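Enquirer: Going line by line, the protein sequences match chains A and B.
Counting from 1, one number per residue, gives the positions in the first sequence under the working numbering.
Counting from 1001, one number per residue, gives the positions in the second sequence under the working numbering.
Just so it is clear, CB atoms sit at the ideal spot from N, CA and C, and this is done for glycine as well.
Quick caveat: nothing in here was measured; it's all calculated off a predicted structure.
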Amino acid sequence: MRWIAPRLLSRWALWMSLLVLLVCMVGTLVWLAGRYEVSQVENRMAEDASDAVSDIRNGLTRNVQSLQALQFAGQASAPWEQEAASLLREHREWLRLEWRDVQLQLKSEVDTPFRGPVFGHMGTMFQMPEVVQACSVAQRQSGPGYSASTYVPQANGQGLEVMNLCLPVLNNGELVGFTVATYALNEILINFLNAQLLRSQEVSFTEADGTRLAMHGAAQRGARVFTAKQLLTLPGNTMVLRLDSWRAAPDVFPNVLTALVTMMAIALTSVMGLLARDMRRRQRVESDLADALAFRKAMEDSLVTGLRARDSQGRITYINPAFCEMVGFTAKELLGHGIPAPYWPPEMVDEYGKRQALRLAGNAPPREGVESVFMRKNGERFTVLIFEAPLINANGQQTGWMSAVLDVSEQRRVEELSRASQERLQATARLATVGEMASLLSHELNQPLAAIASYATGSMNLLHEAALTDPQLASSLNDAMQRIGQQAERAGKVIKSVHDFVRRRDQSRVDVAPRTLLDNVMPLVALQARKLGVRVELRCANDLPHVLCDRTMVEQVLLNLSRNGMQAMQDDTPYKTLTLLVRTVPPTPGQQWMEFVVADQGHGIADDVTEKLFTPFFTTKEEGMGLGLSLCRTVVEQHGGVLQHGPNPPRGTVFSFTLPQA
Amino acid sequence: MQPTQDALVFIVDDDAGVREALAWLLRSRRLPSESFTSADAFAAFLNARPETDWRPPQPGCLLLDVRMPGMSGLALFEQLIARGLLESLPVIFLTGHADVPTAVDAVKRGAFDFCEKPFSDNALVDRVEQALQRSASTLESFKAKQSRQHNLAELTERESDVMRLVVEGLPNKLIADQLDISVRTVEVHRARVFDKMAVKSAVELANLLRN
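#1: Span of the beta strand (DSSP E) holding Arg355(A)?
#2: Which residues, taken in chain order from the stretch 1105-1119 of chain B, show a beta carbon closer than 7 angstroms to some beta carbon of chain A?
#3: Measure from the alpha carbon of Met239(A) to the alpha carbon of each residue in Ser147(A), Leu19(A) and Leu613(A), then state which is nearest.
#4: In the DSSP assignment, find the unbroken alpha helix (DSSP H) run with Pro523(A) in it and report its ends.
#5: List the residues of chain B that Ser475(A) touches, going by C-beta distances under 9 angstroms, in chain order.
#6: Is DSSP giving Gln661(A) helix, strand or coil here?
#7: Pull up the distance between the alpha-carbon of Val23(A) and that of Leu268(A), whole angstroms please.
#8: In three-state terms, what does DSSP make of Trp344(A)?
#9: Can you find the residues in the same chain that come closer than 8 angstroms, C-beta to C-beta, to Leu1205(B), ignoring five residues on each side of it along the sequence?
#10: In this structure, does DSSP put Ala404(A) in helix, strand or coil?
#11: Classify His1189(B): buried if its beta carbon has 16 or more other beta carbons within 10 angstroms, exposed otherwise.
#12: Any beta-carbon of chain A closer than 8 angstroms to the one on Ala1021(B)?
#13: What number of angstroms, rounded off, separates the C-alpha of Ala420(A) from the C-alpha of Thr634(A)?
#14: With a threshold of 8 angstroms between beta-carbons, can Leu462(A) be considered close to chain B, or not?
#15: Check each residue of the stretch 630-646 of chain A: if its Cβ is closer than 7 angstroms to any Cβ of chain B, include it; give the result in chain order.
#16: Does DSSP put Ser136(A) in a helix, in a strand, or in coil?
#17: Distance check for Cys324(A) and Ala375(A), CA to CA, integer angstroms please.
#18: Quick test of your reading: Val152(A) and Val162(A), contact by CB under 8 angstroms. State the CB separation rounded to the nearest angstrom.
#19: Once the 5 residues before and after Glu187(A) are set aside, which same chain residues still bring their CB inside 6 angstroms of it?
#20: For Asn478(A) versus Leu463(A), is the C-beta spacing smaller than 8 angstroms?
#21: Can you pull the chain B residues whose beta carbon is under 7 angstroms from the beta carbon of Ala488(A), in chain order?
#22: Could you work out which residues of chain B lie near Leu449(A), taking near to mean beta carbons separated by less than 8 angstroms?
#23: Let's test the definition: count the other Cβ atoms within 10 Å of the Cβ of Tyr575(A) and tell me whether it reaches 16, buried, or not, exposed.
#24: Tell me the rounded alpha-carbon separation between Ala85(A) and Val64(A).
#25: From the DSSP output, in three-state form, read off Met263(A) for me.
#26: Strictly below 9 angstroms CB to CB, what residues from chain A border Thr1102(B)?
#27: Please report the straight-line C-alpha distance between Gly1073(B) and Leu1086(B), rounded to a whole angstrom.
#28: Helix, strand or coil for Gln1079(B)? Go by DSSP, reduced to three states.
#29: Which term fits Trp99(A), buried or exposed, when burial requires 16 or more other beta carbons within 10 angstroms of its beta carbon?
#30: For the stretch 1054-1069 of chain B against the stretch 1129-1143 of chain B, are there 3 or more C-beta pairs whose distance is under 8 angstroms?
#31: Between Ala394(A) and the ligand PLP, is the CB less than 7 angstroms from at least one heavy atom?
#32: Establish whether the CB of Gly1096(B) and some CB of chain A are separated by less than 8 angstroms.
#33: Are three or more beta carbon pairs between the stretch 595-604 of chain A and the stretch 649-662 of chain A nearer than 8 angstroms?
#34: In the stretch 1028-1043 of chain B, which residues sit with their C-beta less than 7 angstroms from some C-beta in chain A, listed in chain order?
#35: Does Val547(A) pass the burial test, meaning 16 or more other C-beta atoms within 10 Å, or should it be called exposed?
#36: How is the beta strand (DSSP E) around Gln230(A) delimited, first residue to last?
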């Protein structure tokens, strides 16, 4: 758990930073789009402003031409006032037309029919300075001249900004007077400008310092305002035309949509790239995984150890081929199988069920494994050794148990066999010992019995001659002697019958390879050799001629001689090597022989021991009975062979015996 | 049983009791004996007489125990075989039950007999006497052969020629012709051959030589 947290955290941080970046990008995009839109609007307004200025200029120029026409009309025909009045009806921007002479004295005047007289209550003198200014400009330039604008208060409390146009009237190149037209500034805006332009924005004239002179259009304060300014330069007057658009702020939503779509396109592309990279990585990982899986599978298949996994309900979730082979069931039959497993012998189900319950309760099995009996599909029972370990998943939770199952039945069988062979040899050894004792006893008792019988017979022989002198006495003594002899003979027969009983198996001669004899005793010899630290060297070709012998007895002889040899090396022998050798020896007439040699490198045999070596019940060992070598000699001689011994220079003793070839 | 009067029985056994009892038994049948405590001792006795054609001076036999410390009875038996003494010194093995197969084997190889201990009645002594008789007859023929060879060695070259022709059955006349000598001379030689070979007739001489 603890080691997973940092990874999760860093992953979340990554995602968060990605999101923040995205939002920033969207914001920037929207802002840039807004900026663009604003600049678009501003450009359009600047165009509108310049269009408006040009419209106004055109209008003013056309008006100048109309006034020139009026001048000519005035000179030609008397009713100037009529003409002017009709002009005023056509041009609502004019408030009034005046005809003045060269001294600027008013000769004639007409007011616009659309208003009350603008200057009514103040008189025309009110605006004389502007007229003078405009006319001086006009005179200087010999063309139209304009005055600065003037505020004219009105009767209703409000006022008008007005501007005068002065046009010199020439007659044959000679100045004869001036025509003065008074413009209302806001009427200029209304009449000269495109209605479309006025609909969505406010148009106004301002002075250079920003003072508003006249305005037209709807003012929507508070909304976002865009402003464009354009200079209107007239002879004698300069004003600024100002456009205020209250157009709403550019819409965020479409911008956001565009931004989002763009973003998504970018994101999609990058995700595609990432996906492709991820795919490649995934493919690589998958191929690695496949390799690892194949490796693991090969490993599992090559195992001779059976593997079995069970979930927490005891169902089998995995088994390897070795396990299937062991129990004889196929993987399909076993996978998913719960309790009791099909390889449990029916008589053990209860016990195994209890053990399983213990295990599922979380009790760990012993490290050295549990010995169990399993059943093959064919019903055969076999012993297995099971090692179990908890199965932990990636989250650290135990999901079941993994078991390694070893088939130890073969091992058990070998152990059984080895024990049986050891027991057989030991039994033979005991029997042989008893036999040897019987043999020795019979020999030892036969000697005195032989003496007794001899004396009895001799006495009878003597009595036979003495019978001539005292037949009576001789006869009774003869009877007694006869009985003595008979009893001695009887004793001999008893001994013989005991001996025969023990030696019943003497005649079992079989044809056997020397190698087999050695192989049979090797396990026991090796056992003691390990204990005493002796190296055993076997020199026996496999193709040697067979011998004819009582197998178990000869094995006993080999074992006895080997043990003696190893015990002789027990103490301070530098190189403890026991050599067992079999070879052919020169034949005697009518018989071929094999020789078995047992050579040690021990302390050798002392002279005083040599004399008594084969004496029954003589031994140099504390626990010995003193029958071993005696028995060996008996066995060998029963086979017609000879048991010999001698020194093994530089150190040790060689015992050798011969057996007839088959 | 008279021929065994001057016989000598050798006893080889490691057990003093058995040796003495056997000697006593044999003496009860008037058979002298000589005891040896081991096969080695008897082998030493034989080795003191290394001549290859040595024979016991009187009829004898050997009572030999099979199992003894040191040299075994069988090993001693092998030596006797090697020296060709089996006929003049027959061997009777004394065995325990365990050694019976060995003893049977030994009999097959020329031993006179074997006797299982303990011995019953006079069977052993009877066999000993039979062995002594065989020894005696063997020695007698050996001695006859020896004296015959001795006598033949005494003959001169001419006497041997005459003897050969006499044995072939030729009359004196033909012998004289063949040897290119006179009949008289042949008769002298013939008488001397008969005298030296201790025979009385040509037939007796032929029989002697045929043996």
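Expert: By the coordinates alone:
#1: Against the first sequence, residue 355(A) aligns to sequence position 355. Segment Val349 to Leu360 is the alpha helix (DSSP H) holding Arg355(A); no beta strand (DSSP E) there.
#2: Asp1105, Lys1117, Pro1118 and Phe1119
#3: For the purposes of this step, residue 239(A) is taken as residue 239 along the first sequence, with counting starting at 1. When only C-alpha atoms are compared, the closest one is Ser147(A).
#4: Against the first sequence, residue 523(A) aligns to sequence position 523. That run of the alpha helix (DSSP H) goes Pro514 to Leu532.
#5: Taking the first residue of the first sequence as 1, we reach residue 475(A) at position 475. Simply none; closest approach about 17 angstroms.
#6: In the first sequence, the residue the question calls residue 661(A) occupies position 661. Looking at Gln661(A) - three-state DSSP - the assignment turns out to be strand.
#7: Within the first sequence, numbered from 1, the residue matching residue 23(A) stands at position 23. Within the first sequence, numbered from 1, the residue matching residue 268(A) stands at position 268. So the two alpha carbons sit approximately 16 angstroms from each other.
#8: Translated into the one-based positions of the first sequence, residue 344(A) becomes position 344. Coil at Trp344(A), not helix or strand.
#9: As a working mapping, residue 1205(B) is identified with position 205 in the second sequence. Within the same chain, Leu1205(B) has close Cβ partners Met1163, Val1166, Val1167, Val1193, Phe1194, Met1197 and Val1199.
#10: Within the first sequence, numbered from 1, the residue matching residue 404(A) stands at position 404. Correct three-state label for Ala404(A): strand.
#11: For the purposes of this step, residue 1189(B) is taken as residue 189 along the second sequence, with counting starting at 1. That one is buried.
#12: Numbered from its first residue, the second sequence carries residue 1021(B) at position 21. Yes, Ala1021(B) lies at the interface with chain A (some Cβ there is under 8 angstroms from its Cβ).
#13: Mapped onto the first sequence, residue 420(A) falls at position 420. Mapped onto the first sequence, residue 634(A) falls at position 634. Rounded to whole angstroms, Ala420(A) to Thr634(A) spans 26 angstroms at the Cα level.
#14: Looking up residue 462(A) in the first sequence gives position 462. Cβ-Cβ to chain B under 8 angstroms: yes for Leu462(A).
#15: Thr634, Glu637, Gln638 and Gly640
#16: Counting from 1 along the first sequence, the entry for residue 136(A) is found at position 136. Reduced to three states, the DSSP call for Ser136(A) is helix.
#17: Taking the first sequence and counting its residues from 1, the one referred to as residue 375(A) is at position 375. Taking the first sequence and counting its residues from 1, the one referred to as residue 324(A) is at position 324. Rather than Ala, the amino acid found at residue 375(A) in this sequence is Met. Approximately 12 angstroms, taken between the alpha carbons.
#18: Counted from its first residue, the first sequence places residue 152(A) at position 152. Counted from its first residue, the first sequence places residue 162(A) at position 162. At roughly 5 angstroms, the Cβ-Cβ gap stays under 8 angstroms, so Val152(A) and Val162(A) are in contact.
#19: For the purposes of this step, residue 187(A) is taken as residue 187 along the first sequence, with counting starting at 1. Counting only Cβ-Cβ distances below 6 angstroms, and skipping sequence neighbours, we find Arg92 and Glu93.
#20: The residue labelled residue 478(A) in the question sits at position 478 within the first sequence. The residue labelled residue 463(A) in the question sits at position 463 within the first sequence. Against a cut-off of 8 angstroms, the Cβ pair of Leu463(A) and Asn478(A) comes out as a contact.
#21: Working through the first sequence from its first residue, we reach residue 488(A) at position 488. Going along chain B in sequence order, the residues near Ala488(A) (Cβ under 7 angstroms) are Pro1118.
#22: In the first sequence, residue 449(A) corresponds to position 449, counting from 1. In chain order: Lys1117 and Pro1118.
#23: Indexing the first sequence from 1 puts residue 575(A) at position 575. Result: exposed.
#24: Within the first sequence, the letter at position 85 stands for residue 85(A). Within the first sequence, the letter at position 64 stands for residue 64(A). In a straight line, the C-alpha of Ala85(A) is about 16 angstroms away from that of Val64(A).
#25: In the first sequence, the residue the question calls residue 263(A) occupies position 263. Correct three-state label for Met263(A): helix.
#26: Along the second sequence, one-based indexing puts residue 1102(B) at 102. The contacting residues are Glu637, Gln638 and Gly640.
#27: Position 73 of the second sequence, counted from the first residue, corresponds to residue 1073(B). Position 86 of the second sequence, counted from the first residue, corresponds to residue 1086(B). Distance between the alpha carbons of Gly1073(B) and Leu1086(B) is about 14 angstroms.
#28: As a working note, residue 1079(B) is residue 79 in the second sequence. Helix, per DSSP.
#29: To locate residue 99(A), count along the first sequence from 1; it is residue 99. So Trp99(A) ends up on the buried side.
#30: yes
#31: Ligands in the displayed structure: none, and consequently the ligand PLP is not present.
#32: In the second sequence, residue 1096(B) corresponds to position 96, counting from 1. Judged by the 8 angstroms Cβ criterion, Gly1096(B) is in contact with chain A.
#33: yes
#34: Ser1028 and Arg1029
#35: Counting from 1 along the first sequence, the entry for residue 547(A) is found at position 547. Val547(A) comes out buried.
#36: Your numbering for residue 230(A) matches position 230 in the first sequence. Note, Gln230(A): beta strand (DSSP E), Phe226 to Leu234.
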